[in-house]
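Remember, the working numbering sits 6 above the position in the sequence shown when you count from 1. Yeah, the Cβ is synthetic: ideal placement off N, Cα and C, and Gly gets one too. Here's the structure we're looking at; comments come further down.
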Amino acid sequence: MFSRSTSYTLHRAICLSRTTSPCFRRTTHTQLKRQNSLPAAYYRGGTSRAIIIQAKDLPQDRESWGPIFLGCIGSPDPYGRQLDGLGGGVSSLSKVCVVGKSERSDADVDYTFVSLGIKNTDVDYSSNCGNMSAAIGPYSIDSGLVASPNVDKDMKTIVRVHNTNTGKIIHQIFPVVEGEAATNGDFAIDGVAGTGTRVELKFLDPAGSRTGKLFPTGEKSEVIDGARVTCVDAGNPCCFVPAAELGVSGCLSPQEIDADKVLLGRLEEIRRKAGVKMGLAETEDSVPGSVPKIGIVSKPHDSQPNTVVVRAMSVGQPHKAIPVTVALAVAAAVNSHGTTVAECRVGGFPLSSEMTTEYMSQLIFIDEMW
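Here it is, written out as structure tokens:
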């Protein structure tokens with residue numbers, strides 16, 4: 007899996023403060039106090055962006071992390087803009103990553119991903135973000151968490167990352183220049199303007215990230231809430247439903263999906279029922295917002311070989327760029343005969359270990375080795 011990560015480090019501590027314009031004339035009885043601050047960095051990974059904080063700079067009590075993260079990102083914001091923080095009003099920009107040195111023999115750093123609500127106070131640790139995973143290796147070099155990295159003849163190093171959300175190991179390969187992760191280059195990814203260096207991600211044994219099984223329900227396809235779907239767990243638990251089962255085009259734009267409240271409700275009903283069947287929660291109401299991911303799959307109109315068209319949802323919003331972990335799940339399901347994803351692959355089953363996931367104008371290329 008290939009992605010590009012560009013770093014934007016904040017040289018000042020992020021201050022958790024609120025400034026109210028005098029024009030509001032708002033009466034308050036809040037006692038004035040000093041600002042709170044902590045060291046942090048602001049990085050882009052793939053098509054996502056997040057605040058990165060080192061575990062050593064956070065309280066030992068994990069229960070107290072939530073208010074800190076929400077303050078940094080600017081949630082809850084009833085207007086959905088997160089103007090009071092560093093979020094961007096969409097799920098792909100409402101994220102925090104916690105990083106620290108690992109005590110594991112097979113990892114250099116531990117990385118915990120946190121998805122944060124925009125209009126609410128949700129703090130969700132239940133999934134990993136594949137896009138932000140691409141920033142963890144470069145950040146670990148830049149911040150000194152990984153000191154004196156071994157660099158090969160191509161100026162590349164490997165950082166071994168343990169994702170605590172899934173318990174999985176990710177190897178990240180990227181160039182280093184004078185002790186810092188290189189950010190300039192000629193590699194481009196769809197959905198991001200400009201070019202930069204390439205970060206190669208190798209997800210080791212991604213199957214069963216939360217459930218311990220590639221197909222958690224024991225079925226490669228089944229009917230859930232009247233629609234035939236495939237539930238698969240690779241990278242993150244996902245549920246894939248063919249566009250035809252929903253009576254919609256597989257090429258809907260995120261804006262068109264967001265405007266169709268009936269479709270949104272239908273997808274959420276299927277997602278929650280799938281979450282219970284996959285063992286992620288005991289009741290539909292307790293299914294996490296971030297997993298399982300749900301995606302609409304279909305065949306490409308141009309009959310491009312080894313290509314599947316996907317439209318993915320993330321925390322109730324249509325994703326504007328495919329989540330990397332969803333692409334991993336697509337790759338796992340597409341080479342398993344009998345899945346709804348395999349049926350959408352042009353050319354039949356299977357043709358190659360390499361496949362392309364088409365998402366709007368974005369193409370993501372996956373080379374799978376099982």
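- Query: Between the Cα of Lys159 and the Cα atoms of Arg166, Val167, Leu64, Phe180, which residue gives the shortest distance?
  - Reply: Mapped onto the sequence shown, residue 159 falls at position 153. Taking only the C-alpha atoms, the option nearest Lys159 is Phe180.
- Task: Measure the Cβ-Cβ separation of Gly256 and Ser304 and say whether it is below 8 Å.
- Result: As a working mapping, residue 256 is identified with position 250 in the sequence shown. As a working mapping, residue 304 is identified with position 298 in the sequence shown. Yes, Cβ-Cβ distance for Gly256 and Ser304 is below 8 Å.
- Item | the stretch 157–175 / the stretch 196–214 touching (three or more Cβ pairs under 8 Å) | yes
- Item | Residues of its chain near Leu269, where Cβ-Cβ distance is below 7 Å and the 5 sequence neighbours each way are ignored | Within the sequence shown, the letter at position 263 stands for residue 269. Same-chain partners within the cutoff: Leu252, Val254, Ile263.
- Message: Across the stretch 83–93 and the stretch 60–74, are there enough close Cβ pairs to call them in contact, namely three or more that are closer than 8 Å?
- Response: no
- Message: Is it buried or exposed, Met161, if we count other Cβ atoms within 10 angstroms and call 16 or more buried?
- Response: Stepping through the sequence shown from its first residue, residue 161 is reached at position 155. Counting Cβ neighbours within 10 Å, Met161 comes out exposed, since fewer than 16 surround it.
- Should the stretch 93–111 be regarded as contacting the stretch 186–205, the criterion being three or more beta carbon pairs within less than 8 Å? no
- Query: For Leu151, is the classification buried or exposed, using 16 other Cβ atoms within 10 angstroms of its Cβ as the cut-off for buried?
  - Reply: The residue given as residue 151 occupies position 145 in the sequence shown. Result: buried.
- Query: Among the residues of its own chain, which have a CB less than 8 Å from the CB of Ala294, if the five just before and after it don't count?
  - Reply: Start at 1 with the first residue of the sequence shown, and residue 294 comes out as number 288. Per the sequence presented here, residue 294 reads as Pro, with Ala not at that position. Once the five neighbours on either side are set aside, the close Cβ partners of Pro294 are Asp130, Ser132, Ser133, Gly281, Leu286, Ala287.
- Message: Considering only their Cβ atoms, is the gap separating Tyr49 from Ile58 smaller than 8 Å?
- Response: Position 52 of the sequence shown, counted from the first residue, corresponds to residue 58. Position 43 of the sequence shown, counted from the first residue, corresponds to residue 49. Contact: yes.
- Using a Cβ-Cβ cut-off of 6 Å (strictly less than) and excluding sequence neighbours within five positions of Arg55, which residues of its own chain qualify? Counting from one through the sequence shown, the residue named residue 55 turns up at place 49. Cβ neighbours of Arg55 beyond the five flanking positions: Leu99.
- Query: If you run the structure through DSSP and keep just helix, strand and coil, what is Lys174?
  - Reply: As a working note, residue 174 is residue 168 in the sequence shown. Strand at Lys174.
- Task: Mind checking which residues open and close the beta strand (DSSP E) that includes Val347?
- Result: In the sequence shown, counting from the first residue as 1, residue 347 sits at position 341. No beta strand (DSSP E) contains Val347, which DSSP labels as neither H nor E.
- Query: Can you tell me whether His168 is buried or exposed, with buried defined as 16 or more other CB within 10 angstroms of its CB?
  - Reply: Position 162 of the sequence shown holds residue 168. Buried is the call here.
- Item | Of the listed residues Ala61, Phe221, Cys103, nearest to Ala335 (C-alpha basis) | The residue given as residue 335 occupies position 329 in the sequence shown. The candidate whose alpha carbon is nearest that of Ala335 is Phe221.
- Message: Going by beta-carbon coordinates alone, are Pro311 and Asn137 separated by less than 8 Å?
- Response: Position 305 of the sequence shown holds residue 311. Position 131 of the sequence shown holds residue 137. It is not a contact, given that the beta carbons lie outside the stated cut-off.
- Item | Length of the line joining the Cα atoms of Gly51 and Gly77 | Start at 1 with the first residue of the sequence shown, and residue 51 comes out as number 45. Start at 1 with the first residue of the sequence shown, and residue 77 comes out as number 71. Between Gly51 and Gly77, the C-alpha separation is close to 21 Å.
- Query: Can Ala61 and Val105 be called in contact, C-beta distance under 8 Å?
  - Reply: Within the sequence shown, residue 61 is the residue found at index 55, counting from 1. Within the sequence shown, residue 105 is the residue found at index 99, counting from 1. Cβ atoms of Ala61 and Val105: closer than 8 Å.
- Bridge partners of Ser100, per DSSP? For the purposes of this step, residue 100 is taken as the residue at position 94 of the sequence shown. For Ser100, which the question treats as bridged, DSSP gives no partner whatsoever.
- Item | Helix, strand or coil at Thr331 according to DSSP, with G and I counted as helix | Here residue 331 corresponds to residue number 325 of the sequence shown, with the count starting at 1. DSSP places Thr331 in helix when its eight states are reduced to three.
- Query: Where DSSP assigns a beta bridge to Met319, which residues make up the other side?
  - Reply: Position 313 of the sequence shown, counted from the first residue, corresponds to residue 319. Its beta-bridge partners are Ile300, Pro324.
- Around the Cβ of Glu186, are there at least 16 other Cβ atoms within 10 angstroms (buried) or fewer (exposed)? Counting from 1 along the sequence shown, the entry for residue 186 is found at position 180. When all chains shown are included, Glu186 counts as exposed.
- Task: Tell me whether Val182 is buried or exposed, calling it buried when 16 or more other Cβ atoms sit within 10 Å of its Cβ.
- Result: In the sequence shown, residue 182 corresponds to position 176, counting from 1. Val182 is buried by the Cβ-count criterion.
- Query: By Cβ distance, which residues of its chain are closer than 6 Å to Ala188, with the 5 residues on each side in sequence left out?
  - Reply: Residue numbering aside, residue 188 sits at position 182 when the sequence shown is read from its first letter. The residues are Pro181, Thr203.
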